[in-house]
Amino acid sequence: VGHLNIGAGRVVHQYLTRIIRAVQDGSFTANSVLRAAMQSAASGHPLHLMGLVSPGGVHSSSQHLYTLLEMAHALRLPRVFVHAFTDGRDEPPNSAAGYIGELVERIRAIGTGRIASVSGRYYAMDRDKR
């Protein structure tokens, strides 16, 4: 998103890039805020994960969600609920079924979590209050 920092004179990594790098280098799972939230869930509270389920790379990456599910599994969290937002803007409008199917498979492979809700991004992420 270069238009946000034209004239900065240096590379300014956006949040998405920083999160992807943190996942790759392992610092994502060491994040104290994420770990504290998960520790709260370890004491019996449910953990709700919500976000876009697509590899669109503009507002999210599915890998972030999968990494959070892996963290929850490592901490043996019993109640993990995924609230999936389908894309249809940065990805083709009819691509949601494939990405939800991939999510189901990843949940099964990781062994933690279940889908609690599915919503389109125009409802879940409406910044224009339409």
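Last residue of the sequence shown: 222 in the numbering used here, with the numbers rising by one and none dropped. Where a beta carbon is used, it is the ideal one built from N, C-alpha and C, also for glycine.
Quick check on the burial criterion: 16 or more other C-beta atoms within 10 angstroms. Buried or exposed for residue i?
{"i": "THR109", "result": "exposed"}
{"i": "ALA188", "result": "buried"}
{"i": "SER119", "result": "exposed"}
{"i": "ALA164", "result": "buried"}
{"i": "ALA100", "result": "exposed"}
{"i": "VAL174", "result": "buried"}
{"i": "GLY143", "result": "buried"}
{"i": "SER35", "result": "The structure shown has nothing for residue 35, since the chain only spans 93 to 222."}
Going by beta-carbon coordinates alone, are residue i and residue j separated by less than 8 Å?
{"i": "LEU141", "j": "VAL115", "result": "no"}
{"i": "ILE112", "j": "LEU161", "result": "no"}
{"i": "LEU169", "j": "THR204", "result": "yes"}
{"i": "TYR191", "j": "VAL145", "result": "yes"}
{"i": "LEU195", "j": "ALA176", "result": "yes"}
{"i": "VAL210", "j": "THR159", "result": "no"}
Less than 7 Å between C-beta atoms, sequence neighbours within five positions excluded: which residues of the same chain meet that for residue i?
{"i": "GLN155", "result": "VAL115"}
{"i": "ALA134", "result": "LEU167 and LEU169"}
{"i": "PRO147", "result": "SER153 and SER154"}
Give me, in chain order, the residues of the same chain whose beta-carbon lies closer than 8 Å to that of residue i; leave out the 5 immediate sequence neighbours on both sides.
{"i": "PRO138", "result": "ARG171, VAL172 and PHE173"}
{"i": "ASN123", "result": "ALA114"}
{"i": "ALA129", "result": "LEU139"}
Between which residues of its own chain and residue i is the CB-CB distance below 6 Å, once the five residues before and five after are set aside?
{"i": "ASN97", "result": "VAL104"}
In chain order, what are the residue ranges of uninterrupted alpha helix (DSSP H) at least 4 long that sit wholly in the segment 120 to 148?
124 to 134
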